[in-house]
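Notes to accompany the following structure.
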Amino acid sequence: MDWITHEEDVWFEFRGNSPHQLVPGRFYKGTVDGYADFGVFVDLAPNVTGLLHRSELDRRLETLEWEPGDDVFVQVKNVRDNGNVDLGWSIRETESEFRGARIHDPDGDHDGEPIEKEGGRGGSAVIKTKPVSGKKKKPAGAVTKSVEQESEPEPEPEPEQQSEQTTEADEDRAPTAKDVVDDIAETTEEAEPEAAEEEPVEEAGEAPERVTIADLENNVGDDVRVEGEIASVRQTGGPTVFELRDETAVVDCAAFVEAGVRAYPEVEVGDYVRIDGEVERRRGELQIETEELTILDGDDAETVSQRLADALSDEARPEAIAPLAAHEPVAAVGKSLLDAAEAIRRAVLESRPIVVRHTATADGYVAGAAVERAVLPLIRAEHPRDDAEYHYFTRRPLEEAVYGMDAATNDVTRMLEDRDRHDEKLPLVLLLGAGSTAESLDGLGLLGVYGSERVVVDAAPADEEVDEEVDVLVNPAREGADASDLSVGALTATLAVAVNDDVRDDVSHLPAVSYWENCPQQYLDLAADHGFDADLVRELREAIALEAYYQSYQDKRELIADLLFDADEALAGHVSEQFRIKLEAEIETAQANLERREVEGVSVAVLDSDAYSHRFDFPPTALLVDELHRRTREGDQFVTVSLGTDELYLRSTGDLDVHAVVESAAEKAPSAGLAAAGIREGRIEFLSGARDEALEAVLDAAAEQF
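If you want this note's numbering, it's the position in the sequence shown, counting the first as 1, plus 1440.
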């Protein structure tokens, strides 16, 4: 039977140059490029990379034993319109487990041919390629400690080797790791060793002139010298790639000692170095083929360090804050917004990852998406790798507004793994609408132990202790402003514009989307000016709230971007309709089963959420009690309570101090184990056996504050 009917039984070697030439459903042989929090990047061709998401694995990502450069087999699940390739897991990971191998050569003559085990691939001739660089290079395993330090000269190749010519095919094809290894081996075997006393290959006066990375575009094919800080190190199946940052930009510098072997093993992230090499273009991006790497110290290192610091200060800090709309509490935090924007921009320029923590609510997702919209273009401009935005920016939603030890431990574990596995710097952690109360001090403190920078942005009043714990706090209440009509989304949208003013039009409608009620008119007008009328704003808010609930631990980057920025009314309308159907069913049941009472002149509505709501389905309890309170409240003194097995949610028409409520209630019911679990959500915990006692104590304490 023809092999085409059994493509799932063979693997393919892809020789195309575009992801759109891949065939979904086929198994391909690829090379591991690197890891991210969400999966593994696999190279299928020199300029075609796919993502094997962690959800596709048959095991935990951290237990995967693949290393960068390993050959693996994966299945192409889907190729998106933007060229992103979704990969699937293959239970067969050796050639012998497949029934055959075929060439996928979309534009060539060998498409569909079997791959020969001997004598070349698919019966085609093996073409010898030229080495990475025709120049003699120092061994990349030994680190030069200073400019004056001399190294042993390399053996000169025989004349006949120097005159060896390459074919036209050699000129068009990038060298593989095997080509480089073969070439080095041939040169070493035939070369005569030189006497130790002979002069080095290059004279001291022939050192190339230092150029900035931003000017490399004008030096393709030339020998150059660059100086800067090592931002990251990654080991491929061939060379070691050092990401170098100077005062103008970032560039990859490839150093080769042996296929898959770490070059310059003494070089670490954060070292200041000088690199001499040839500027080349690889996969459309500039790259330096490293010929010599020198670790700088003393005055040389201080000069480079100061040069970078001066440039960072000039580039990182915005000139001024230009709010999206006039709003007094936003104006009150102008300086701290500038500080936060500078911290974010500096992290991008220093090649430090940014981890954004926001609540899994509509307001939280709007805030996170605003920062994401501003930062990703800066990362793309700063880093040449196509997948840089996935390495340097991550959103991790929180189930509540407390940044507790669970979340902090998760973040610290990941950042230490990334430091050890990818040589990444410790991240900037940005908390939006979370982490500003005393309940978050333990988590913030854990980040501080490891020296991770912490920036907190919150519209609700922050505790004084948090101000002392974090590096930057953006909080109107700390500036003496009344922020009762300010949302986290509105505040963060202004921060996003301070980080990158190019996204001003993109995020102008976000403040209006973040409000469930009482949205300031200036934000509604701003959204309308950008094509978002009141109905579309409502649909977007409801759609984001629904998606925020499902798999709340994921960032859902693409879906949120489609909803908020592509203005697809059909998508927003569809998801919003599902939101209303689910919410209305719960509200109808809840309203029919409310227990109403009076406590010292305060009207109270109590819902037994265990009995009259779905515990593990939409809407979440916090959203349900919010909507229930909006629809049932009467007068200026009204309290709504959702009562569960061991927790309750409290809503009030007055400004309740939840900490004070808990303290007073604990005195009234000392055996109930009352504790403030989430101040922002009005969530209070108690012992499950003291449910009635805890409720009565909390209602009495709340009534006392009216």
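Don't be surprised by glycine CBs; every beta carbon is placed ideally from N, CA and C.
Under the three-state DSSP convention, the category residue i falls into
i	result
D2057	coil
H1493	strand
S2016	helix
S1564	Bear in mind that a pLDDT of 33 at S1564, under 50, signals an unreliable position, so the model cannot answer this.
R1667	One detail in the question is off: residue 1667 reads as Glu in this sequence, not Arg. DSSP places E1667 in strand when its eight states are reduced to three.
Q1961	helix
K1469	strand
G1474	strand
H1949	coil
N1522	coil
A1582	Note on A1582: pLDDT 48, under 50, position unreliable in the model; no value is reported.
D2006	coil
D1692	strand
I1784	helix
E1732	strand
P1554	strand
R2071	helix
K1996	coil
A1703	coil
S1420	Lying before the first or after the last residue shown, residue 1420 is absent from the chain, which here runs from 1441 to 2146.
T1569	With a pLDDT of only 27 at T1569, under 50, the local geometry of the prediction cannot be trusted, and no value is derived from it.
L1684	strand
Test item: CB-CB of residue i and residue j under 8 Å
i	j	result
T1680	A1703	yes
A2142	S2092	yes
R2157	E2067	Here the chain comprises residues numbered 1441 to 2146, so residue 2157 is not present and cannot be evaluated.
R1538	D1483	The sequence shown places Phe at residue 1538, not Arg. Not closer than 8 Å, so no.
V1928	A1952	no
L2156	L1491	Not covered by the structure: residue 2156. The range shown for the chain is 1441 to 2146.
P1824	L1726	yes
L1870	V1852	no
A1985	A1802	yes
Q1991	S2043	no
L2090	S2049	no
L1872	V1897	yes
E1729	D1716	no
S1892	M1845	no
A1695	F1682	yes
Y1830	A1485	no
A2105	V2138	yes
V1770	L1926	yes
P1837	G1885	no
E1919	V1773	yes
Residue of the options minimising C-alpha distance to residue i
i	options	result
I1653	I1735, V1666, A1647, Q1746	V1666
A1783	A1756, D1907, V1744	A1756
G1474	V1463, P1464, T1489, Q1461	T1489
A1821	D2097, N1940, L2011, D1739	N1940
L1656	E2038, L1684, V1472	L1684
D1882	V1697, D1863, E1909	E1909
Q1746	I1531, E1720, E1669, F2078	E1669
Y2052	R2037, A2045, A2032	A2032
V2065	I1555, A2100, G1888, E2028	E2028
A2217	T1834, R1836, I1819, R1835	A query on residue 2217 cannot be resolved here, the shown segment of the chain reaching from 1441 to 2146 and no further.
D1540	Y1989, V1795, E1453, R1835	Note that residue 1540 is Gly in the sequence shown, not Asp. Ranking Y1989, V1795, E1453, R1835 by Cα distance to G1540 puts E1453 first.
G1470	L2011, A1476, R1455, G1548	R1455
P1817	Y1805, F1833, A2105, V1806	F1833
D2008	K1996, E2026, L1980, A1988	L1980
E1505	N1524, V1943, V1472, D1922	V1472
E1720	D1686, G1661, D1737, R1674	G1661
V1664	V1690, V1713, E1718	E1718
N1522	V1480, H2099, Y1955, S1458	S1458
P1847	D1863, E1687, L1887, G1804	Note that residue 1847 corresponds to Ala in the displayed sequence, not to Pro. The option with the nearest alpha carbon to A1847 is L1887.
A2012	G2041, F1972, A2045, R2037	F1972
E2125	E2107, T2085, F2146, E2144	T2085
P1546	H1460, R1520, R1532, R1500	H1460
(message) So, does the stretch 1483-1499 touch the stretch 1507-1525, judging by three or more C-beta pairs under 8 Å?
(response) yes
(message) Between the stretch 1811-1823 and the stretch 1936-1943, can you find at least three pairs of beta-carbon atoms closer than 8 Å?
(response) yes
(message) I want to know whether the stretch 1708-1724 touches the stretch 1859-1876 - three or more CB-CB distances under 8 Å.
(response) yes
(request) Please list the segments of the beta strand (DSSP E) lying wholly inside the stretch 1808-1885, counting only runs of 3 or more residues, in order along the chain. (result) 1833-1838, 1868-1872
(message) Below 8 Å, how does it come out for the stretch 2127-2138 and the stretch 2105-2117: are there three or more Cβ pairs, yes or no?
(response) yes
(request) Please confirm if the stretch 2049-2065 is in contact with the stretch 2019-2032, defined as three or more CB-CB distances below 8 Å between the two stretches. (result) yes
(message) With three or more C-beta pairs closer than 8 Å as the rule, is the stretch 1715-1726 touching the stretch 1749-1764?
(response) no
(message) Ignoring anything shorter than 4 residues, give me the alpha helix (DSSP H) runs that lie fully in the stretch 1911-1939, in order along the chain.
(response) 1928-1939
(request) Kindly provide the ranges of any beta strand (DSSP E) runs that are 3 or more residues long and lie completely inside the stretch 2026-2054, ordered along the chain. (result) 2035-2039, 2042-2048
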